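Since the structure comes first, as structure tokens, the remarks are kept for the end.
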Amino acid sequence: MEMYEINEVFTPTKPARANFVKRKVLDKRVGRALKTPGMQLVLYGHSGSGKTTLLLNKLKELELSFLKTNCTSNMSFDDLLSNVYVNLDKELSTKEIDKNDQEGGGGLGIPKVFSFNSKSTVGSTLEKSFVSAYDSIELSLAKAIGENDALWVIEDFHKLQTSVKEKLSQLMKVFMDLSDEFPKLKIVAIGAKNTAREVVELDCEMQTRVSEIHVPLMSDEEISRIINNGAELLNISVITHVVNDVVEHSHGVASICHQLCLLMCEFADIEGTDAFCSDIELDFPHFNYAATEYIEQVSDTLKSAFQKAVKVDNSYEILACLASGDIEGVEVVEILEHINEHTDSVELSIEELKESLKLLSSTEYGSVLFYVEVSEKYSFKDPFYKMFGKLFLSAFSSGKKKKSKAEIFTLFNKLIDKAKSNYTNSDNSITPTESYFDEDNALLENKWKKSEPKIERKVHDNHNEKKKDL
Ligand SMILES: Nc1ncnc2c1ncn2[C@@H]1O[C@H](COP(=O)(O)OP(=O)(O)OP(=O)(O)O)[C@@H](O)[C@H]1O
Ligand SMILES: [Mg+2]
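If you're matching positions, the sequence shown starts at 46 in the numbering used here and goes up one per residue.
This is the structure in structure tokens:
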């Protein structure tokens, strides 16, 4: 029996390795793009959908070496090139690259990895030479990577300024043109959902030379494989109902699944593979502990996210609509219909609504929502956000007086306690109830169900009052 430590099996904050679940179709597509000489690759998708994990595991499997750059918003094109050059130069000059170097590879043991930070460390002489011999630097940089049988991974491409992205798109062409000479040479850009469109739109010549691969959030089946594989590696079992609960609470986000599993194992004092075959089984108490602890861990994030979200126009109406809708999300037109049907104020236009939805999905306003591209629906970031959203709206609908900052702070703390009590007071029944609001729209049930009914048409009539209350 192979022995694993718990942190090797459930990895909420690093790319999965031992417990990596292969996603067949994606794996095939990424493999194909990596193996096609000259084909540039853009991996895009929701944060936490598994882009980095997928790529790193595939690079390892194909034994491909790579350089990795993590982008930041203030990075110039010169910064980007300088960093590659300097680090490549530094790494290569030592000629002592550990075959099992794990840095930047997330512990994957990729053959050759050169990793560096986005901050420019280049010296002034070198920097000058970059700028003065601009074109040849691009070419020689591509050649230098190619000569070392490596490819270039650019993480967080979406953070770069448009002008930098534009130049990178053009640089992809340089890489492509060198593919005859260096078949493995390519750029792999990883980014948020608009990354692919940006690369292609910025330079239409790239359209057929870029493989754009969308990495969606995980399916229920994939999430349950993480749980079951993990249990197998640890030689323990998880009861089916708990597997279902973890799947439901993860909402396709693998890191939540890893985190909940890790916490369940903590409750069971599991530190690694059970060599004694003690028949450990993860059951409801383990799940309840994990959910409670998870809420505690993310409580500050939840509080701050909702504090930011309520600054957005129509946020109450939108959040109330989504809180009563399906966890899988609600279409924009449905949200619009719902709001206009249930508020007395001036009719909301689709443009206004779209703008508010966009803001509620942005980091600046707490990103409590996200857009599910496949289904074209907006939903809460995850079920924990949805639960908090319901509690939050209920609490604000119950008082009419404007709340001070201190009162809001106390209220948020109470809401967190209430969210946790969903699990601590649980009777271990896993059948969630379906109704959330009583006739006055103020009473909430503690749990939710994936297959909730569509938006209840009779929801908040008192949105405007609530808005004033804050
Ligand atoms: N195929 C997989 N099998 C098992 N766990 C996975 C898989 N893919 C991702 N995970 C887990 O999900 C979490 C997020 O993965 P990852 O960091 O790769 O996502 P990402 O899309 O790169 O996110 P971001 O956009 O924020 O960088 C990690 O905890 C990782 O271990
Ligand atoms: Mg990533």
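Glycine included, each C-beta is placed from N, C-alpha and C at the ideal position.
Keep in mind that this is a model prediction, so the values were computed, not measured.
- The chain-ordered list of residues whose CB is nearer than 7 Å to some heavy atom of ligand 2 reads 96, 97, 200, 235.
- Restricting attention to 455, 414, 390, the CA atom closest to the CA of residue 401 is found in 414.
- Residue 56 has its Cβ nearer than 6 Å to a heavy atom of ligand 1.
- Rounded to whole angstroms, the separation of the alpha carbons of residue 349 and residue 467 is 21 Å.
- With a threshold of 6 Å, the Cβ atom of residue 66 counts as near ligand 1, since some heavy atom of the ligand is closer than that.
- Shown here for residue 298: same chain residues with a beta carbon closer than 7 Å to its own, the five before and five after excluded, namely 93, 262, 427 in chain order.
- In this structure, ligand 1 has a non-hydrogen atom nearer than 6 Å to the beta-carbon of residue 271.
- Residue 222 and residue 204 have their C-alpha atoms some 26 Å from each other.
- With a threshold of 6 Å, the Cβ atom of residue 60 counts as near ligand 1, since some heavy atom of the ligand is closer than that.
- Separation of the CB atoms of residue 351 and residue 275 is rounded to 32 Å, and the pair is thereby denied contact status at 8 Å.
- Rounded to the nearest whole angstrom, the C-alpha separation of residue 182 and residue 192 is 15 Å.
- Annotation: the continuous beta strand (DSSP E) that includes residue 255 extends over 255-259.
- For residue 195, the three-state secondary structure derived from DSSP is strand.
- Cα atoms of residue 198 and residue 211: separation of roughly 17 Å, rounded to the nearest angstrom.
- In this structure, the straight-line span from the alpha carbon of residue 331 to that of residue 394 is close to 46 Å.
- If you look at residue 87, you'll find it isn't in any alpha helix (DSSP H); it sits in the beta strand (DSSP E) that goes 85-89.
- Residue pairing by DSSP leaves residue 130 without any beta bridge partner.
- Comparing alpha-carbon positions, the option among 312, 347, 185, 337 lying closest to residue 328 turns out to be 312.
- Spatial neighbours of residue 340 in its own chain (CB-CB distance under 6 Å, excluding positions within 5 residues in sequence) are listed in chain order as 464, 465.
- Across the set 62, 124, 282, 128, the C-alpha of 62 shows the shortest separation from the C-alpha of residue 100.
- For residue 336, the enclosing alpha helix (DSSP H) begins and ends at 329-354.
- DSSP lists 375, 416 as the beta-bridge partner residues of residue 423.
- Secondary structure note for residue 288: its alpha helix (DSSP H) is the uninterrupted segment 285-295.
- The C-beta distance from residue 363 to residue 405 rounds to 6 Å, short enough to fall under 8 Å.
- Checking the 6 Å criterion, the Cβ of residue 299 is within range of a heavy atom belonging to ligand 1.
- In the three-state reduction of the DSSP assignment, residue 226 falls in the coil class, being assigned neither a helical nor a strand state.
- In this structure, residue 421 and residue 376 form a Cβ contact; the two beta carbons are roughly 6 Å apart against a cut-off of 8 Å.
- Going by C-alpha positions, residue 451 is about 24 Å away from residue 359.
- Contact between the stretch 265-284 and the stretch 77-84 is absent: fewer than 3 CB-CB pairs across the two stretches fall below 8 Å.
- The alpha-carbon separation between residue 257 and residue 234 amounts to approximately 10 Å.
- For residue 303, the Cβ falls inside the 6 Å cut-off from some heavy atom of ligand 1.
- Nearest to residue 67 by alpha-carbon distance, out of 127, 84, 53, 95, is 95.
- Spatial neighbours of residue 82 in its own chain (CB-CB distance under 6 Å, excluding positions within 5 residues in sequence) are listed in chain order as 224, 228.
- Residue state for residue 392 is assigned as coil, using DSSP reduced to three classes.
- Taking 7 Å as the cut-off, the beta carbon of residue 430 is found no closer than this to the beta carbon of residue 374.
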